[in-house]
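Written below as structure tokens is the structure these notes are about.
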Amino acid sequence: MDHPSDDTRRSTGTAGGDQPAPRKLHTRGFDEVLALVLTRRAALVAGAGLLAAHEAGAARQPPAAAGPASLLGFASVPAAGADRVVVPPGYRARVLYAWGDPIGASGLPAGEPAWRGDASEDAAAQALQAGMHHDGMHFFPLPARGADRGLLAVNHEYVDHGLLFPDGSAGWSASKVRKSQAAHGVSVIELGRSADGAWQVVRPSRHARRITANTPMRLSGPAAQALGGTATGTFANCANGWTPWGTYLTCEENWHGYFGARKRGEPPEHDTAFQPDELERRYGIRARGDYIDWHLHDPRFDLNTRRDEPLRFGWVVEIDPFDPASQPVKHTAMGRIKHEGAAPARAADGRMVFYMGDDQAGEYVYKFVTRARLRPGRDAANRRLLEEGTLYVARFDAAPASGRRLATGRWLPLTREDPRLAARFASQAELLIATRIAADIVGATRMDRPEWIAVHPRRTGEVYCSLTNNSTRGAQGGAPVNDANPRAANVYGHVIRWHETGGDAAAETFEWDIFVMGGDPAQGDGGRFEGDFFGSPDGLAFDPAGRLWIQTDISSDKLGKGAYQRMTHNMALAADTRTGELRRFLTGPPGCEITGLCFTPDGRTLFVNIQHPGETPGYLSAPGPDGRPNALSTWPSGQGHGPADDGSTPPQRLRPRSATVVVTREDGGVIGGG
């Protein structure tokens, strides 16, 4: 869910840094490891559910009876798409909230500040409009308002200056930096359903607000005092999470790329003015920055003057969507990484658990277990749950020689009770600021870009994690082959799953297998799955009925080429985790990523984000190969949101716009069901 979206264009920070390499797992051949998948799936299809198999202590031999009826009740859509959102027959997809739409804050006219279409808004206007590049999100029903009213919290991960400004990055200035910062962060908007069942943004709303790269925030937890107790802003907000007490968790992912030291036009030898130390190298901090040159006009991002500022990023941020006056909180107890989501689960003893991925090739899977137990509802004590607890990192042990049982794993605590960590770090605050280094020391398993994590709503302790891809195998920073990541060149990615011992989310051991391996049977590496082909799994979400939804992030320079020749558009698929069956439910416009999928509690409305439609392979480059901002896509113009592409509208007003789409069934039924 990051950008650049392909791991070959990511940070130069190396996994492991100067630390000793983590323990190397025993490895076997790809086909031998995949026997785990096929053997296990046969048992599931036969009706021996995953939880029941664990409770019995081993997977049973499948009887000859037919498998369970499919949870998937829709017809697959083709892999090749169009310049629109394609959904199955019987479904409707409608644009709800696009970049530049007014959030509807109280005190302003309902339609202000209106989207101009030519990118001429200033920073003040952008701070009251939808930010760019929608990503993770969550729907919060409004108490006492029934199923027809709620709040939607939406991440805005990054920006494309070729679209954000009429002249792109030319004439880079302080005013452009401020507008760029205003287009990042989070939106909180109010939604209502009309008499005909259509969802719309409620304007004005007392709940509506934007949180940007300049919003004041509080720090909590062990490292708060060491970092001064406060922070300014959040950005690189990728995936997300939520809490049972009604707050939103936004996760800072590729924050490292916003800091720099070299001035524009300076040659590489000027890097000697700033030399990253071990900690900075481990997180990818470097003199020439990476994505956006904020440091040229905002000293907070200049590594020559504010070397401490990057330490205030890489955290999970808690936001109360119901209280627009509340201050967001960055929770240092949950670790400092390139966070990809924070998926909640409840432990057997009432404590809360949050699963998190660190989205970079060779990084790790984590979970945070709170010290205190959850209290009912919005009890004020719950607001302190994320301030104290234990952070763990996962070790996926080698698969057993026989495919008759699952592999095992262990959660390794990252505390100074471990003598190896006590010898390295003087305090828990220091350890958490350097979470990646601590994980290196204890020997966690290096993974192929761990991204979104989803917890099954009905099978206690069953968890799924997408591993998007890894084309850096064998290169500096590329994770080695291991049983949890068995492909030598993992261009398609896979989804791994585990079951916590005893079904308890707080357990320190688990059993795991590989749920699906992405691929295309028409290519050399066909993967291992049942149904529709796919690659680069990223976003994951369960619906209330237990269908797993997989969203893809094939980078724009790979779509329709090479191994992805038949995948010309990114997609969302639904999976029946009992059988492994996959069906393609949705494809997006050219160049976009599909992300942020979430549901209303009744399962009858799906919200999904279309990020960076029309993106060219150059990522943050000038608009389009012919200089037009809409060379690859004009979506959502002409799709009921913005001016129509009928030849009469100036091209500047047909800029592609990231947007939230609402999907419903024409008969009002449950999404994905029969």
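Numbering-wise, the sequence shown is residues 833 to 1506 according to our numbering. Here a beta-carbon is modelled for each residue, glycine too, at the ideal position from N, C-alpha and C.
- With the rule of 3 Cβ pairs closer than 8 angstroms, the stretch 1315-1334 counts as touching the stretch 1219-1231.
- Closest option to Ile1346, judged by alpha-carbon separation, among Pro1353, Asn1317, Gly1363: Asn1317.
- At a cut-off of 3 residues, the continuous stretches assigned as beta strand (DSSP E) that sit fully inside the stretch 1239-1313 are 1239-1245, 1282-1287, 1294-1299.
- The continuous alpha helix (DSSP H) containing Val1009 extends over residues 1006-1014.
- Counting along the chain, no beta strand (DSSP E) covers Glu1110; the unbroken alpha helix (DSSP H) around it starts and ends at 1110-1114.
- Distance from the CA of Trp1031 to the CA of Gly1092, rounded to the nearest whole angstrom, comes to 42 angstroms.
- Secondary structure at Tyr1224: strand, using DSSP grouped into helix, strand and coil.
- Judged by DSSP in its simplified three-state form, Thr1164 adopts helix.
- Annotated as proximal: Arg916 and Gln1471, with beta-carbon spacing under 8 angstroms.
- Phe1431 is bridged by DSSP to Leu1438.
- When the alpha-carbon of Phe1374 is set against those of Ser1368, Gly1428, Pro1353, the nearest one is in Gly1428.
- Burial state of Thr1466 is buried, judged by a 10 Å Cβ sphere holding 16 or more other Cβ atoms.
- About 19 angstroms separates the beta carbon of Ile1169 from that of Tyr1080, a gap too long to meet the 8 angstroms contact definition.
- Under the criterion of beta carbons closer than 8 angstroms, Val1348 and Leu1414 qualify as touching, at roughly 7 angstroms.
- Collapsing the DSSP output to three states places Asp1385 in coil.
- Taking the Cα of Ala1006 as reference, the smallest distance to any Cα among Ile1124, Leu928, Cys1070 is reached at Ile1124.
- Under the DSSP assignment, Ala925 falls in the beta strand (DSSP E) whose first and last residues are 923-930.
- The count of Cβ pairs closer than 8 angstroms, one atom from the stretch 988-1000 and one from the stretch 940-955, reaches three, so the stretches are in contact.
- For Gly1116, the closest of Val1295, Leu1135, Glu1098 by C-alpha to C-alpha distance is Leu1135.
- Pairing Leu940 with Val1201, the inter-Cα distance amounts to about 42 angstroms.
- Going by C-alpha positions, Tyr1224 is about 4 angstroms away from Pro1245.
- A residue is called buried when at least 16 other Cβ atoms come within 10 angstroms of its Cβ; Asp1389 meets this threshold and is buried.
- For Gly1173, no alpha helix (DSSP H) segment is defined; the enclosing uninterrupted segment is the beta strand (DSSP E) at 1171-1178.
- When the Cα atoms are used, Tyr923 and Arg981 turn out to be separated by approximately 21 angstroms.
- In this structure Glu1425 is in contact with Asp1385, their Cβ atoms being roughly 5 angstroms apart against a cut-off of 8 angstroms.
- Scanning its chain for C-beta atoms nearer than 6 angstroms, with the 5 sequence neighbours on each side dropped, one finds around Pro1153 the residues Phe972, Leu983, Ala985, Val1020, Tyr1080, in chain order.
- For Ala985, the enclosing beta strand (DSSP E) covers residues 981-988.
- Residue environment analysis places Arg1489 among the buried positions, since at least 16 neighbouring C-beta atoms fall within 10 angstroms of its C-beta.
- The continuous stretches of alpha helix (DSSP H) do not include Ala1395, and DSSP gives it neither H nor E.
- Going by DSSP, Leu1372 is part of the beta strand (DSSP E) stretching over 1369-1374.
- Taking C-beta atoms under 8 angstroms as the contact rule, Glu1084 and Trp1126 fail to qualify, at a distance of about 15 angstroms.
- DSSP places Tyr1080 in the strand class (E or B) of the three-state scheme.
- Listed in chain order, the non-local C-beta contacts of His1129 below 6 angstroms within the same chain comprise Ala1006, Val1009, local neighbours out to five positions each way being set aside.
- Per DSSP, reduced to three states, the secondary structure at Gly1073 is strand.
- Sequence-distant Cβ neighbours of Arg1416 in its own chain, meaning closer than 7 angstroms and more than five residues away, are Ser908, Val909, Ala911, Asp1364, Met1403, Leu1405.
- Take Ser1052, set aside five residues on each side of it, and the residues of its chain with a beta-carbon closer than 6 angstroms to its own are Val1161, His1163, Glu1219, in chain order.
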